[in-house]
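Below: one structure, written as structure tokens.
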Amino acid sequence: MRLHKPSSLFIVLGLLLCSAFAHADTAAKQPHIVILATGGTIAGSGADSTTTVGYTAATVGVQRLIDAVPELKKVAQVSGEQVMQIASENMNNAAWLELAKRVNVLLKRADVDGIVITHGTDTLEETAYFLDLVVKSSKPVVLVGAMRPSTAISADGPINLYNAVLLAATPEANGKGVLVVLNDQINAARDVSKTNTATLDTFKSSELGLLGYIQGNRAYFYRSSTRKHTRDTEFDIANLSVLPQVDIVYGYANMNRIALDAFVNAGAKGIIHAGTGDGSLATPLKTALTEARKKGILIVRASRVGQGIVARNGEADDDQLDFVVADTLNAQKARILLMLALTRTADTKEIQRMFYTY
Ligand code: DAS
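Residue numbers (numbering that gives the first Met the number 0): 0 to 357.
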């Protein structure tokens, strides 16, 4: 029986099939990371390549963000969802609840190994901390943004997105809480803040420090948070459609009670006082906050300073006034924790425990 020399067509088909199986096998082995897009500069576009401020945020869709970084395929099998398309100064409680519920549904799926959330930088630290307190999983959740629009020279979005997906696909990122990646640095949701209006290295955890770096296609961790988060949280938003109104009053020289009274009259259930120094209370504010507390409004003493502990019974007699102190949380993050605390209790001793726990 003469064996026919296989035609070149069969050889090519055979090679293609082998390559397809190899690719399928690789894809099957790679973690599946879902990218949830919310808008921001990372999805922004500017008039020309030198426009790094004064551009339009939230214009580029999630698939275009993914297609702009073909290298993502080297580290993960990626799928995308456009959850919203907003500049993050417009982020709000309803959007947080929608996003958090979607995250928890996706992370329950066995075929989802992690989530990356593309987000504007203005409120990125707040969304990250909110998720840190309500995500019910140990799988990685990584928030990422950019300080330059996708159209700018040396745009930072593509490398930040690549680093975020790489981190979400890294087993060591499991159980670390919600993470924030920009500028090759890994920060914890609880401690990170935007510290510069425009520079690429704006996200810092200052005195409490970053968790690690992304370098040479690898994530390196050197620390982890000592506070509870994600899988250990006591907060549950699954059945919540609204969050209690909590507002922030900023302290400064020549302070008055006008803003506080307006928030109280508008029905606030909690007030964060971002005081001078160690959460100091100017006399008019101490009077007004005491009156508000007597109406059942929860009062948290925070600081405008940005670093350090607001100590209980330091600048005010918190025991006597029945106030809570924010520990090292800045005012915008204290607001988030107080909102969630008020979904469970109005007891100040219990709420103070939560501020020392998360
Ligand atoms: N407006 C800013 C925001 O969406 C742009 C950005 O820095 O992402 O947060």
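For glycine and all other residues, C-beta sits at the position ideal for the given N, C-alpha and C.
Predicted, not measured: the structure shown is a model, and the values here were computed from it.
- In this structure, alanine 56 has its beta carbon less than 6 angstroms from a heavy atom of the ligand DAS.
- For the pair serine 302 and glutamine 214, the Cα-to-Cα distance works out to about 35 angstroms.
- In this structure, glutamine 76 sits near histidine 31, with a CB-CB distance shorter than 7 angstroms.
- Residue ranges of uninterrupted alpha helix (DSSP H) with 4 or more members, entirely inside the region 253 to 283 and ordered along the chain, are 257 to 264.
- When rounded, the separation of the alpha-carbon atoms in serine 205 and valine 191 is 8 angstroms.
- Phenylalanine 220 carries a strand assignment under DSSP once its states are collapsed to helix, strand and coil.
- Along the length of the region 122 to 195, whole alpha helix (DSSP H) runs at least 4 residues long occupy 123 to 133, 156 to 167, reported in chain order.
- Of all alpha-carbon atoms in Phe202, Arg189, Lys135, the one lying nearest the alpha-carbon of arginine 334 is that of Arg189.
- The ligand DAS approaches threonine 40 closely enough that one of its heavy atoms is under 6 angstroms from the residue's Cβ.
- For aspartate 246, the enclosing beta strand (DSSP E) stretches over residues 245 to 249.
- Short of 6 angstroms from the beta carbon of leucine 165, and not among the five residues preceding or following it, lie these beta carbons of its own chain, in chain order: Val74.
- The continuous alpha helix (DSSP H) containing leucine 106 extends over residues 92 to 107.
- Unbroken beta strand (DSSP E) stretches of 3 residues or longer found wholly inside the region 278 to 316: 297 to 302, given in chain order.
- Exclusion of the five residues before and after glutamine 62 leaves Gly79 as the residues of its chain whose Cβ lies within less than 8 angstroms of its Cβ.
- In this structure, DSSP gives isoleucine 10 a helical state, which the three-state scheme calls helix.
- Counting only the Cα atoms, proline 139 lies some 6 angstroms from alanine 172.
- Judged by beta-carbon spacing, arginine 300 lies within the 7 angstroms limit of histidine 272, meaning their Cβ atoms are closer than that value.
- Residue burial is scored here from C-beta neighbours: serine 153 has fewer than 16 other C-beta atoms within 10 angstroms and is therefore classed as exposed.
- The residue from Thr50, Val248, Ala151 with its alpha-carbon nearest to that of asparagine 329 is Val248.
- Beyond the five residues adjoining it in sequence on each side, alanine 267 comes within less than 7 angstroms, by CB distance, of Gln244, Val245, Asp246, Ile296 in the same chain, given in chain order.
- For glutamine 76, the enclosing beta strand (DSSP E) stretches over residues 76 to 85.
- Here glycine 156 is buried, its C-beta having at least 16 other C-beta atoms within 10 Å.
- Per DSSP, reduced to three states, the secondary structure at lysine 332 is helical.
- Here tyrosine 357 is buried. Its C-beta has 16 or more other C-beta atoms within 10 Å.
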